[in-house]
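Asker: Here it is: the structure, laid out below.
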């Protein structure tokens with residue numbers, strides 16, 4: 003449940019609550035070996051306020067709770083408790099001029115019982131860190147010509163007997179994306195051609211709980227073309243190419259050793275036909 007209340011022309015308050023029960027049953031091997039058999043429930047809430055400082059500048063602040071079930075198909079010690087977190091962010095939104103907006107926000111997230119894998123006597127074990135903190139800044143710019151996003155995140159374990167002070171695996175400090183689009187209007191029959199392209203990437207990040215090695219950073223390029231035809235109904239033909247240059251890159255590890263890393267998707271070409279009626 004969520005609702006927003008306009009107190010005045012300048013003050014807006016938003017609040018929400020969510021009740022989530024769950025049960026999980028998971029395992030591996032044949033014959034089947036049970037590794038997860040748990041259930042829990044929690045009521046989480048969120049609250050936010052916004053103040054319109056000027057017609058083009060707004061200030062905002064938010065506080066929220068999250069609750070995420072966890073399961074393991076690796077061996078583990080006891081049932082895995084759910085991951086919980088408290089998140090806070092403050093920032094500002096700017097309507098710079100017609101068609102261009104920008105957001106900047108500072109965030110602070112504290113998570114408890116975060117799932118990670120550890121190698122013990124050559125066997126992968128699932129465990130949970132006592133407490134993990136993520137802090138950083140996020141900047142978003144969107145407009146008729148560009149869409150750009152950048153975030154800086156510092157994530158580390160704050161409470162754990164073995165890994166306190168270590169960075170959280172697979173969390174990059176720098177994340178960036180930039181996309182450009184161009185519209186060519188009033189073509190034959192009033193049709194529209196849209197061309198776009200850009201990229202997204204991250205810097206290197208620790209791949210294990212103990213910083214044994216790092217995954218390299220990457221930058222992946224994407225492109226698309228869309229043609230809108232004004233027939234009896236509006237028909238759109240769109241071609242998307244992801245990972246345009248078929249780059250090999252690694253998105254994450256399993257957090258235990260350098261032999262198990264997730265490879266990013268290769269080049270993908272997708273043709274979509276849409277009709278509005």
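In our numbering, the protein residues as written are 3 to 279.
Just so it is clear, CB atoms sit at the ideal spot from N, CA and C, and this is done for glycine as well.
1. Tell me whether residue 192 sits in a helix, a strand or coil according to DSSP, three-state version.
2. Below 8 angstroms on the Cβ atoms is my contact criterion, and I expect residue 180 with residue 200 to pass it. Report the Cβ-Cβ distance as a whole number of Å.
3. Run through the DSSP bridge pairs and tell me what residue 132 is partnered with.
4. Answer with buried or exposed for residue 29, where buried requires no fewer than 16 other C-beta atoms within 10 angstroms of its C-beta.
5. By the three-class DSSP mapping on this structure, what secondary structure does residue 62 have?
6. In the segment 14-85, which residue ranges form an unbroken beta strand (DSSP E) of at least 3 residues, counting only runs that do not cross its ends?
7. Relative to the C-alpha of residue 111, which candidate in 127, 156, 88 and 82 has its C-alpha closest?
8. Pick out whichever of 167, 208 and 149 has its Cα sitting closest to the Cα of residue 176.
9. Output the distance between the C-alpha atoms of residue 24 and residue 264, rounded to the nearest integer angstrom.
10. Does DSSP classify residue 183 as helix, strand or coil?
11. Pick helix, strand or coil for residue 219, following the three-state DSSP scheme.
12. Let's test the definition: count the other Cβ atoms within 10 Å of the Cβ of residue 167 and tell me whether it reaches 16, buried, or not, exposed.
13. Out of 277, 69, 85 and 137, which has the shortest C-alpha to C-alpha gap to residue 114?
14. Return the Cβ separation of residue 82 and residue 128 in integer angstroms, given the expectation that the two are a contact with Cβ distance under 8 angstroms.
15. In angstroms, rounded to a whole number, what distance separates the CA positions of residue 21 and residue 43?
16. Rounded to whole angstroms, how far is the Cβ of residue 178 from the Cβ of residue 216, which I believe are closer than 8 angstroms?
17. Could you name the residues of the same chain whose beta carbon sits closer than 7 angstroms to that of residue 278, not counting the 5 residues immediately before and after it, in chain order?
18. Check this for me: beta carbons of residue 138 and residue 109, under 8 angstroms apart or not?
19. Go ahead and label residue 210 buried or exposed: buried means 16 or more other beta carbons lie within 10 angstroms of its beta carbon, across all protein chains shown.
20. Quick check on the DSSP output: the beta strand (DSSP E) that includes residue 113 runs from which residue to which?
21. Going by beta-carbon coordinates alone, are residue 16 and residue 50 separated by less than 8 angstroms?
22. Give me, in chain order, the residues of the same chain whose beta-carbon lies closer than 6 angstroms to that of residue 226; leave out the 5 immediate sequence neighbours on both sides.
23. Are residue 26 and residue 57 closer than 8 angstroms when you measure CB to CB?
Answerer: Walking through what the data contain:
1. helix
2. 5 angstroms
3. For residue 132, which the question treats as bridged, DSSP gives no partner whatsoever.
4. exposed
5. strand
6. 35-56 and 59-70
7. 88
8. 208
9. 28 angstroms
10. strand
11. coil
12. exposed
13. 85
14. 6 angstroms
15. 7 angstroms
16. That belief does not hold up - the Cβ atoms of residue 178 and residue 216 are roughly 18 angstroms apart, past 8 angstroms.
17. 235 and 236
18. yes
19. buried
20. 102-122
21. yes
22. 198 and 242
23. no
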